[in-house]
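Residue numbers (my numbering), protein chains in the order written: chain A, 1 to 193; chain B, 194 to 386. Ideal Cβ positions, reconstructed from N, Cα and C, are used throughout, including at glycine. So the structure is just underneath, and the comments pick up after that.
2 protein chains.
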Amino acid sequence: MVMSFEVEQKFAVTDLVALQQRLLDGGVQWKESVSQTDQYFAHPCRDFARTDEALRIRQVGLRNFLTYKGPKIDAATKTRREIELPVQDGPVAGEAWRKLLDALGFKPVACVRKQRRKGVLLWQQAMVEIALDDVAGLGQFIELELAADSQTLQTARERILSLAVHLGLTDAERRSYLELLLECSSPEPSEDS
Amino acid sequence: MVMSFEVEQKFAVTDLVALQQRLLDGGVQWKESVSQTDQYFAHPCRDFARTDEALRIRQVGLRNFLTYKGPKIDAATKTRREIELPVQDGPVAGEAWRKLLDALGFKPVACVRKQRRKGVLLWQQAMVEIALDDVAGLGQFIELELAADSQTLQTARERILSLAVHLGLTDAERRSYLELLLECSSPEPSEDS
Numbered sequence: 001m002v003m004s005f006e007v008e009q010k011f012a013v014t015d016l017v018a019l020q021q022r023l024l025d026g027g028v029q030w031k032e033s034v035s036q037t038d039q040y041f042a043h044p045c046r047d048f049a050r051t052d053e054a055l056r057i058r059q060v061g062l063r064n065f066l067t068y069k070g071p072k073i074d075a076a077t078k079t080r081r082e083i084e085l086p087v088q089d090g091p092v093a094g095e096a097w098r099k100l101l102d103a104l105g106f107k108p109v110a111c112v113r114k115q116r117r118k119g120v121l122l123w124q125q126a127m128v129e130i131a132l133d134d135v136a137g138l139g140q141f142i143e144l145e146l147a148a149d150s151q152t153l154q155t156a157r158e159r160i161l162s163l164a165v166h167l168g169l170t171d172a173e174r175r176s177y178l179e180l181l182l183e184c185s186s187p188e189p190s191e192d193s
Numbered sequence: 194m195v196m197s198f199e200v201e202q203k204f205a206v207t208d209l210v211a212l213q214q215r216l217l218d219g220g221v222q223w224k225e226s227v228s229q230t231d232q233y234f235a236h237p238c239r240d241f242a243r244t245d246e247a248l249r250i251r252q253v254g255l256r257n258f259l260t261y262k263g264p265k266i267d268a269a270t271k272t273r274r275e276i277e278l279p280v281q282d283g284p285v286a287g288e289a290w291r292k293l294l295d296a297l298g299f300k301p302v303a304c305v306r307k308q309r310r311k312g313v314l315l316w317q318q319a320m321v322e323i324a325l326d327d328v329a330g331l332g333q334f335i336e337l338e339l340a341a342d343s344q345t346l347q348t349a350r351e352r353i354l355s356l357a358v359h360l361g362l363t364d365a366e367r368r369s370y371l372e373l374l375l376e377c378s379s380p381e382p383s384e385d386s
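Below you can see the structure in the form of structure tokens.
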């Protein structure tokens, strides 16, 4: 059996101009930029934060998707079950799905809006997938990703780490955008409580 | 404000041959027959039987729909909120939606399979909608339906009742097919319990 992995690291971008210059110098090939809006929902009787699950409506341009993410199966590789199903296009359909989820007791908890620019960069004979995200309320992030199997996993890890060093990226961010947003919006501890 | 109503009565069919003859004599115009499969789901933490709600995947031929039915707003007219949204066609997509609902904790409770033949019949100057259903596990039923507003409600009721008499239909069935199926499949009371 061949196990497949996604080796991925994410970093907050502190100097966008310098980073873009390094990517250009490295020969990055940019693809189109897309706007993604992810509306996340709370389950009516399960604490998704505790069960490490998520349900969201993802809007990519005019397209809509309903996505369920299961708990991580394996902490090291961030592998998780994901079911993403397309639903009807357009804002009217998106609103109808929000109403259906609301009727079933799912409540909106947070909305992650980002502008994502994807690209690829050749690094040590491998095509590394790049995503440069501008996340509303959080700022800029870059993700580096390589697919691997059991045989190539260690090499892939080393490639991603060395590319990060080359690009001047430090302090990898392990939390998801949703987790970061929920931490931002947590109420301050109150003396009255 | 104009209130609109659906005046509807359903009857178990005891003599299908005689009924079909009476419908033909009355000049029924049959439309195409369609196969409908409704998979109903239990909510992970709400008793739909108690809250008078329902969630189902409806399959009509190759088309799939996700349908939420809210509680009846008004017992007299059976009016209820309904959100029905098309999802991707075909059995593979239907199965993917079942998996997504299962992952969220919704469990299949019953499946209503029927062959439905729709038609119209002119009766006392009104076009009455007819549905002749062959429901797996339950047998044959006929539904008579007329749309009405506040002004025509009483007339519509009288028309449906007199057509039922004319067709030899007695003992209107108020329960839904889902309710009838769940009653059928309830375990027998046990002396050990």
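Can you tell me whether residue i is buried or exposed? The criterion is at least 16 other CB atoms within 10 Å of its CB, across all chains shown.
| i | result |
| --- | --- |
| B/Ala242 | exposed |
| B/Val358 | exposed |
| B/Asp231 | buried |
| B/Glu384 | At B/Glu384 the pLDDT is 48, less than 50, meaning the model places this residue with poor confidence and gives no usable figure here. |
| A/Val17 | exposed |
| B/Leu401 | Residue 401 of chain B is absent from the model: chain B starts at 194 and stops at 386. |
| A/Leu62 | exposed |
| B/Gln317 | exposed |
| B/Arg274 | exposed |
| B/Ser386 | Only weak support exists for where B/Ser386 lies, its pLDDT of 40 falling under 50; the coordinates are left without a value. |
Can you tell me whether DSSP reads residue i as helix, strand or coil?
| i | result |
| --- | --- |
| A/Gln21 | helix |
| B/Glu288 | helix |
| A/Phe65 | strand |
| A/Thr170 | coil |
| A/Thr155 | helix |
| B/Leu297 | coil |
| B/Glu376 | helix |
| B/Arg368 | coil |
| B/Ala329 | coil |
| B/Val358 | helix |
| A/Arg81 | strand |
| A/Arg56 | strand |
| B/Thr244 | helix |
| A/Val7 | strand |
Is the beta carbon of residue j closer than 7 Å to that of residue i?
| i | j | result |
| --- | --- | --- |
| B/Leu325 | B/Leu337 | no |
| B/Val200 | B/Arg309 | no |
| A/Arg113 | A/Ala136 | yes |
| B/Ile323 | B/Leu314 | yes |
| B/Ala289 | B/Leu375 | no |
If you draw a straight line from the alpha carbon of residue i to that of residue j, how long is it in whole angstroms?
| i | j | result |
| --- | --- | --- |
| A/Gly168 | A/Met127 | 19 Å |
| B/Ser343 | B/Phe204 | 25 Å |
| A/Pro86 | B/Ile250 | 16 Å |
| B/Asp282 | A/Asp52 | 31 Å |
| A/Leu24 | A/Gln154 | 27 Å |
| B/Pro301 | B/Tyr233 | 6 Å |
| A/Thr14 | A/Gln20 | 11 Å |
| A/Ser33 | A/Cys184 | 26 Å |
| A/Gln195 | B/Val253 | Outside the displayed span of chain A (1 to 193) sits residue 195 of chain A, for which this structure offers no information. |
| A/Asn64 | A/Gln140 | 24 Å |
| A/Phe106 | A/Arg159 | 41 Å |
| B/Gln229 | A/Ala54 | 32 Å |
| B/Leu354 | B/Gly287 | 39 Å |
| A/Thr170 | A/Ile83 | 32 Å |
| A/Ala172 | B/Arg291 | 37 Å |
| A/Asp134 | A/Thr152 | 31 Å |
| B/Ser197 | A/Phe5 | 57 Å |
| B/Gly312 | B/Leu331 | 21 Å |
| B/Val285 | B/Arg215 | 42 Å |
| B/Lys265 | A/Lys72 | 40 Å |
Touching by the beta-carbon criterion (3+ pairs, under 8 Å), the region 10-29 of chain A and the region 43-52 of chain A: no
Any 3 or more C-beta pairs closer than 8 Å across the region 286-295 of chain B and the region 170-182 of chain A: no
Sufficient close CB pairs (3 or more, under 8 Å) joining the region 55-75 of chain A to the region 134-149 of chain A: no
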